[in-house]
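Counting with this note's numbering, you get residues 30 to 286 for the letters of the sequence shown.
All C-beta atoms, glycine included, are put in the ideal place defined by N, C-alpha and C.
Just so you know, these numbers come straight off a predicted model, no measurement behind them.
To start, the structure itself, in structure tokens.
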Amino acid sequence: MNGSRIYEHQTWNAIADAIGRGAAVAVPIGAIEQHGYHLPLDTDAYFARELCLAGSEGFDVLVGPHLALGYRSRPLSGGGPAFPGTLSLSGATFTAVVRDVLEGLIGMGFRKLLVYSWHMENQNFAYEAAYLAAEGRDDLKVVVMETPFDGLSEDAMAMLYGDEFPGWPAEHASLMETSVMLHLRPQLVDLSAAIDDRAERRPSYDLIPPPASITTRSGALWKPTRGTAEKGELAVGEIAEHLRRVLEEEFPELSLE
Ligand SMILES: [Zn+2]
């Protein structure tokens, strides 16, 4: 044991030990997607792993393999494919990759799995992959968390947004993600470049091909300038606590305390 809980940092015999004692594996899934003028492309990928690590502290859970690429970015919730830098997988490829990873983990003997996805568009595809990987088996449990950012208390929501919450799809590269990055990795935030933005129109339906009017020019979909490291610390604490409660509920035997 080298002390790391990151799956990729283990040796093969450490993995054999983890399987033997019934440890869980949490697979963090993100996206490589534009996040405005001020946040890096790996925002979702980085948050998935960092928050998964933070929330699973104190549990016998390995975190990884880290899946950085996600399902197609959509204009109404991530800007869409028109921004240079965004790299996405098709639904079929994404589902196949996640399924292969989960089946690989099950095949080597893991029976407790967590799918932890930060990127909204991965929803349902992550569930589908987990469903197919576990289908027909009653000797395992897969917990699927597809929107971990919504695990905030009412108090925290009021503190972060007041009465101006725009809804999670519009929160892309905006207050919450800017705040969390300012708290966790401030050296990669260029707050001086952040601008509050708004799409010309936000229809209640989607359009293909996506017209430029349904997303913003900057790629931030709401108000990143309201982000602060303090808000990020509050959000990270609550989102990690949410995962901790889920693990206590679903895998209480893995608590190391
Ligand atoms: Zn994001």
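{"Item": "H64 burial status per 10 Å Cβ neighbour count (16 or more: buried)", "Value": "buried"}
{"Item": "heavy atom of ligand 3 below 7 Å from H201 C-beta", "Value": "Ligand 3 is absent from the structure shown, which contains only ligand 1."}
{"Item": "Reference V56; option with closest CA among I35, S242 and E62", "Value": "I35"}
{"Item": "Alpha-carbon spacing of A77 relative to E86, whole angstroms", "Value": "14 Å"}
{"Item": "Cβ distance (whole Å) where E267 is taken to contact A185 below 8 Å", "Value": "5 Å"}
{"Item": "Beta-carbon separation (whole angstroms), T254 vs D225, contact threshold 8 Å", "Value": "5 Å"}
{"Item": "Limits of the unbroken alpha helix (DSSP H) element including S208", "Value": "L204 to L213"}
{"Item": "Nearest-angstrom beta carbon gap, A60 and G99 [assumed within contact, 8 Å]", "Value": "3 Å"}
{"Item": "As assigned by DSSP and simplified to three states, the class of S284", "Value": "strand"}
{"Item": "Ligand 1 heavy atom lying under 7 Å from the CB of E150", "Value": "no"}
{"Item": "Cβ neighbours of L82 in the same chain (closer than 6 Å, five flanking residues each side left out)", "Value": "V92"}
{"Item": "Cross-strand partners of V54 (DSSP beta bridge)", "Value": "L91 and L142"}
{"Item": "For K170, the first and last residue of its enclosing beta strand (DSSP E)", "Value": "K170 to M174"}
{"Item": "Three-state secondary structure (DSSP) of L118", "Value": "strand"}
{"Item": "Ligand 1 heavy atom lying under 7 Å from the CB of H38", "Value": "no"}
{"Item": "Length of the line joining the Cα atoms of P94 and P113", "Value": "26 Å"}
{"Item": "Local conformation of Y100 per DSSP, three classes", "Value": "strand"}
{"Item": "For G256, the first and last residue of its enclosing alpha helix (DSSP H)", "Value": "It is not in any alpha helix (DSSP H) - G256 carries neither H nor E in the DSSP assignment."}
{"Item": "Inter-stretch contact at 8 Å, needing at least 3 Cβ pairs: the stretch 243-252 / the stretch 265-283", "Value": "no"}
{"Item": "Endpoints, alpha helix (DSSP H) assigned at F154", "Value": "F154 to A163"}
{"Item": "The stretch 141-151 contacting the stretch 101-117, beta-carbon criterion three pairs below 8 Å", "Value": "yes"}
{"Item": "Cross-strand partners of L68 (DSSP beta bridge)", "Value": "H64"}
{"Item": "D226 CB to nearest heavy atom of ligand 1 below 7 Å", "Value": "no"}
{"Item": "Alpha carbon of D129 to alpha carbon of N42, nearest angstrom", "Value": "22 Å"}
{"Item": "Run of the alpha helix (DSSP H) containing A185, from where it starts to where it stops", "Value": "E183 to Y190"}
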